[in-house]
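Residue numbers (numbering that gives the first Met the number 0), protein chains in the order written: chain A, 0 to 289; chain B, 0 to 376. Note that beta-carbon positions come from the ideal geometry of N, C-alpha and C, so glycine has one too. First up is the structure itself, then whatever we jot down about it.
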Amino acid sequence: MKQGSMFRKKTVPLLTMISPVTAWLILLIALPLLYMLVISFCGTDDSHNIVFRFTLKNYAKLFDPTILSIYSNSLIIALLTTVICILVAYPFAYIMASTTPFRKTLMMIFLMLPFWTNSVIRLYSWRTLLGVNGYINILLMKIGLIEAPIEMLFTRGAVVLGMVYTLLPFMVLPLLTVIDKLDGGLIEASGDLGAKPAQTFLHVTLPLTAPGIFAGSIMVFIPCLGYFFVSNLMGGGTSQLIGNVISRQFKEAFNWPYGAALAIMLILITLLIVKIYTKTGGSIDDLGVM
Amino acid sequence: MAKAIVEIKNVNKFYGDNHVVKDLNMEIAEGEFLSILGPSGCGKTTTLRMIAGFEQQTQGVITVEGERVENKEPFERNVNTVFQSYALFPHMNVTDNVAYGLKMKKVKKPEISERVENALSMVQLEGFGKRFPAQLSGGQRQRVAIARAIINNPRVLLLDEPLGALDMKLRKQMQIELKNLQKRLGITFVYVTHDQEEALTMSDRIAVMNDGVLEQIGVPADIYEKPATKFVADFIGETNIFEAIEVSADAAGQVALKSEIGEITGTDSEFSEGEIVYLSVRPEKTLLSAAPVSGYALRGTVRENIYIGTVTKTTVILQNGQEIRVANAAGSSVPEAGSALYVYWNPSDAVIIHSKSGKIIDAFENVDLSEYVEGSA
């Protein structure tokens, strides 16, 4: 067709237009992932070199009881973190959405300001607070509440605290978006129809802001599975996450194929969670990652 | 008047320094259809929201069924609201929306479903129970909002411009339906609107508000025929307003007045010599004559005739530039554009308004001198 040929002449070929992005995606994301996938089916020799021979033994090792318990520990920590984040972030976002624009900006600044500092450094400051010789223990002993310092650091609680601290903004932001959009008329209508404030919250506010809770939970739960540095700093090895095991395979045990298999498994779990999220009506756009 | 169900006594409402409701006194009778009519920003919606409990009056007392309500939250008040934006719960279907109030009051399930069915049939929405608000048209949403409110058997139903978002035809239809519904249920309706025609058609009584002040409250005929203030005369329907000084009165109550361009005549039971008043004459009561009429010194030029079906509207420009609107029934003879005529009326058709505030407002806001000069040239 004549029109078609003119069209083709005047526009930049499709491949040229998208190639920089495509190249970037292929080079930095697709290829490394593919490499991971390939080596996850390989073995190693005695000096930790990868031997390209097909094997499923890395995947078989995933069902080792120790690994399974680490998986379940990771999931428990991620779940706890998510629940605590919801409980802390919801009132915070609610107040933020209903206050004056000035206070809202102020709250946003306080929420985002810590991000200007590396999270590893911020977690170190928690160690000075929580440690056996930390400020909290010193204070509690000074006022006579305890006689000997309590071991607060290097517990699962400390890991969860670190996770909540690091990931809280990712819960607040999607919640803020949905609460901001909430029609105040609906709250008034509910009260008008005889609902007490608690009933209004349960029947109107909560269901209408649920998409924000879902989106925030995804944003918190998934990174939680992989943030090994939090568990390193706050848990000090007492509380193993999948992320810790993976990082150790690459950095200490030099068993890259096994590490790759663990990582692939983590990716599959993540995809599964996202799939559940979208199946239950969640939108990828709400996550703010695409 | 029947027993008052809502009483508003000396109510003032401030938003910061903004005085939005000024010393409001109003009694709403049991079972009546009362419209609060006024332009946007006149305080009518604020008044409604104070009755509902969404706003707290700064001063004064509001009682519902004889009980003071200032310490009652909306959910504790036996009134329900139909919102301008409908405020239907988007995550609930029609049945759940309508049942909401009863569920909150822990009414038993079989009773709820029976009452929901009743309420839906009352607004002619049988079979729509499973639909969600997003799947309904504007008119249907409106009906759901009404059903959701009346199912709770409120003593007073508050309606905040409920038909504002509907198109003309649907609006007219809903006006009749709402009026019938109110008669059938016997519930007191307090209906906020800025549409004077709507208020005149539906109401038992109309309260006209302007700038936070209740200008007049009365039956539609009184509001239209005996406006108490210049604002009411001007806002309700079309009218010709003259600013004049009362000069003399005869035994029959006929009053001679002096306006800017000369003598005019009206009737006034509260004549007071030298008082500055407004005289309002409706276009359909305004007459034209080729010869001078005794008692009226209003000479003018016909600018145009506009045929609008039931009537022909004639615009006459007086010598001082004031624009006079005259409505002639269709079929009657219409004066030719450009012809010079005398304007008059029957003294009993003119309403004299005593300007309570004592402040003289510009009565000639419609003057367009340039057009007058062109027309006479």
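Per DSSP, cross-strand counterpart(s) of residue i
i: B:R204; result: B:L33
i: B:E303; result: B:T314
i: B:D22; result: Looking at the DSSP assignment, B:D22 forms no beta bridge with any residue, so it has no partner.
i: B:I352; result: B:Y277
i: A:S73; result: Answer is none; A:S73 lacks a bridge partner.
i: B:T264; result: B:A255
i: B:Y14; result: B:N17
i: B:N239; result: B:V280
i: B:D159; result: B:V191
i: B:T309; result: Paired residue(s): none; B:T309 is not in a bridge.
i: B:V63; result: B:V5, B:E66
i: B:N327; result: B:T311
i: B:E245; result: B:L256
i: B:N179; result: B:N179 is not bridged to any residue.
i: B:A80; result: Looking at the sequence shown, residue 80 of chain B is not Ala but Thr. B:L157, per the DSSP bridge assignment.
Between the CA atoms of residue j and residue i - distance to the nearest angstrom
i: A:I69; j: A:I75; result: 10 Å
i: A:Y123; j: A:F228; result: 11 Å
i: B:V81; j: B:A148; result: 7 Å
i: A:M107; j: A:F91; result: 10 Å
i: B:A133; j: B:P89; result: 7 Å
i: B:N11; j: A:V119; result: 58 Å
i: B:A243; j: B:S293; result: 17 Å
i: A:M0; j: A:M16; result: For A:M0, the predicted model reports a pLDDT of 42, less than 50, meaning its position is unreliable; a value from the coordinates is still stated below. When rounded, the distance between both Cα atoms is 23 Å.
i: B:G320; j: B:G42; result: 34 Å
i: B:F53; j: A:V82; result: 34 Å
i: B:T94; j: B:E125; result: 10 Å
i: A:T165; j: A:C223; result: 9 Å
i: B:A328; j: B:I305; result: 12 Å
i: B:Y277; j: B:I351; result: 6 Å
i: B:V63; j: B:S331; result: 52 Å
i: A:V131; j: A:E150; result: 6 Å
i: A:F213; j: A:S282; result: 9 Å
i: B:V78; j: B:L340; result: 56 Å
i: B:S375; j: B:G337; result: With a pLDDT of 37 at B:S375, under the threshold of 50, the predicted position of this residue should be treated as unreliable, though the coordinate-derived value follows. So the two alpha carbons sit approximately 8 Å from each other.
i: A:L261; j: A:T154; result: 24 Å
i: B:Q83; j: B:K178; result: 17 Å
i: A:E146; j: A:L129; result: 16 Å
i: B:V280; j: B:R140; result: 41 Å
i: B:M380; j: A:A188; result: Within the shown structure, residues of chain B are numbered from 0 to 376, placing residue 380 of chain B beyond reach of any answer.
i: A:D63; j: A:K250; result: 21 Å
Beta-carbon spacing of residue i, residue j below 8 Å
i: B:V333; j: B:G299; result: no
i: B:I150; j: B:V115; result: yes
i: B:Q172; j: B:R142; result: no
i: A:V158; j: A:M218; result: no
i: B:V325; j: B:P282; result: yes
i: B:V246; j: B:A255; result: yes
i: B:T228; j: B:A349; result: no
i: B:I7; j: B:L23; result: yes
i: B:T314; j: B:E303; result: yes
i: A:T176; j: A:G211; result: yes
i: B:M103; j: A:Q198; result: yes
i: B:F31; j: B:D221; result: What sits at residue 31 of chain B in the sequence shown is Glu, not Phe. Cβ distance not < 8 Å, so B:E31 and B:D221 don't count as in contact.
i: B:L36; j: B:A206; result: yes
i: B:K129; j: B:N70; result: no
i: B:L260; j: B:A296; result: Reading the sequence as shown, one finds Ile at residue 260 of chain B and not Leu. The answer is yes: Cβ separation under 8 Å.
i: A:D44; j: A:V37; result: no
i: B:A98; j: B:G137; result: no
i: A:M140; j: A:Y226; result: no
i: A:N57; j: A:Y257; result: yes
i: B:V301; j: B:E322; result: no
Members of the stretch 54 to 78 of chain B near chain A, C-beta cut-off 9 Å: Against chain A - using a Cβ distance shorter than 9 Å - the residues of the stretch 54 to 78 of chain B are E72, P73, F74, E75, R76, V78.
Selection of the stretch 184 to 207 of chain A by Cβ proximity to chain B, strictly under 7 Å: Of all residues in the stretch 184 to 207 of chain A, only G184, L185, E187, A188, G190, D191, L192, G193, A194, K195, Q198, V203, P206, L207 come within less than 7 Å of chain B when Cβ atoms are compared, listed by chain position.
Three or more C-beta pairs below 8 Å linking the stretch 219 to 238 of chain B and the stretch 193 to 202 of chain B: When Cβ pairs closer than 8 Å are counted between the two stretches, the stretch 219 to 238 of chain B is seen to touch the stretch 193 to 202 of chain B, the count reaching three or more.
Any 3 or more C-beta pairs closer than 8 Å across the stretch 85 to 99 of chain A and the stretch 153 to 172 of chain A: Taking 8 Å as the limit for Cβ pairs, the verdict is that the stretch 153 to 172 of chain A does touch the stretch 85 to 99 of chain A.
Contacting positions in the stretch 161 to 182 of chain A - beta carbon closer than 9 Å to chain B: Per Cβ criterion, the list reads D182.
Meets three-Cβ-pair contact criterion under 8 Å: the stretch 109 to 117 of chain A and the stretch 194 to 201 of chain A: The count of Cβ pairs closer than 8 Å, one atom from the stretch 109 to 117 of chain A and one from the stretch 194 to 201 of chain A, stays below three, leaving the stretches out of contact.
Contact set between the stretch 88 to 108 of chain B and chain A, restricted to residues whose Cβ is under 9 Å from the partner: Going along the stretch 88 to 108 of chain B in chain order, one finds F88, P89, H90, M91, Y99, G100, L101, K102, M103, K104 with a Cβ nearer than 9 Å to chain A.
The stretch 257 to 272 of chain B in contact with the stretch 305 to 316 of chain B per 3-pair CB rule at 8 Å: These segments do not touch.
Three-pair Cβ contact test at 8 Å for the stretch 154 to 164 of chain B versus the stretch 212 to 228 of chain B: No, because fewer than three Cβ pairs between the stretch 154 to 164 of chain B and the stretch 212 to 228 of chain B fall closer than 8 Å, the two stretches do not touch.
At least 3 beta-carbon pairs within less than 8 Å: the stretch 176 to 192 of chain A vs the stretch 233 to 253 of chain A: Output reads no: the stretch 233 to 253 of chain A does not touch the stretch 176 to 192 of chain A.
Meets three-Cβ-pair contact criterion under 8 Å: the stretch 157 to 169 of chain B and the stretch 43 to 62 of chain B: Taking a cut-off of 8 Å for Cβ pairs, the stretch 157 to 169 of chain B and the stretch 43 to 62 of chain B touch, as three or more such pairs fall below it.
Sufficient close CB pairs (3 or more, under 8 Å) joining the stretch 172 to 189 of chain B to the stretch 25 to 34 of chain B: Here the stretch 172 to 189 of chain B lies against the stretch 25 to 34 of chain B, with 3 or more beta-carbon pairs under 8 Å apart.
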